[in-house]
Every structure is written in C-alpha cells, then in structure tokens.
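Right, one structure below, let's go through it.
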Amino acid sequence: MLNKIIQFSIKNKLVIGLFTLALIIWGVYSAKKLPIDAVPDITNNQVQIITISPSLAAQEVEQLISFP
Numbered sequence: 001m002l003n004k005i006i007q008f009s010i011k012n013k014l015v016i017g018l019f020t021l022a023l024i025i026w027g028v029y030s031a032k033k034l035p036i037d038a039v040p041d042i043t044n045n046q047v048q049i050i051t052i053s054p055s056l057a058a059q060e061v062e063q064l065i066s067f068p
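Using UniProt numbering, you'd call the opening residue of the sequence shown number 1 and step up by one each time.
Dropping the structure here:
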C-alpha cells in the first residue's frame, strides 16, 4: 500500500506539488483568519447593589430584597 503511494507520488510530481502548494496556501489563510488576541480579556465583572430598608436587618435585606 505504501509502495503504491510512493510510486504514484514519483510518477505524478505535478499533482503532488500542486496539492502541497494548495495545502500550504490554505494553512496560511487559516492562520491569518484565526481570532487571536495579544492580550486576553481578563476584566473582572462586578455589580454593586445598594438597598435601603431601615426596618430590616442586613440578612433580611439580602434575602428578601436584594435576591428576590
């Protein structure tokens, strides 16, 4: 099987050369289209909730109002 592939490659140098060139061009094209950032997005998303309820304790405000 491997001998047949080698014999085909030797007999058809132009086909193998064109296939190799097409594969290289496709690889370069794919590498250029690859979305890579030099610095990844590492922002820390934080949310601050201010809730005012003078008649409730802090735990009750958290349980009943902030997280309904």
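Here a beta-carbon is modelled for each residue, glycine too, at the ideal position from N, C-alpha and C.
Can you tell which of the options has the C-alpha that lies nearest to the C-alpha of residue i?
i	options	result
S55	Q46, I65 and V47	I65
Do residue i and residue j have their C-beta atoms closer together than 8 Å?
i	j	result
I61	S53	First, the amino acid is wrong: residue 61 is Val here, not Ile. Yes, the pair counts as a contact, with Cβ atoms nearer than the cut-off.
Measure the alpha-carbon distance for residue i versus residue j and round it to whole angstroms.
i	j	result
residue 88	I50	Here the chain covers residues 1 to 68 and nothing more, so residue 88 does not appear.
P40	M1	47 Å
I25	N3	28 Å
I36	I5	37 Å
L23	L34	16 Å
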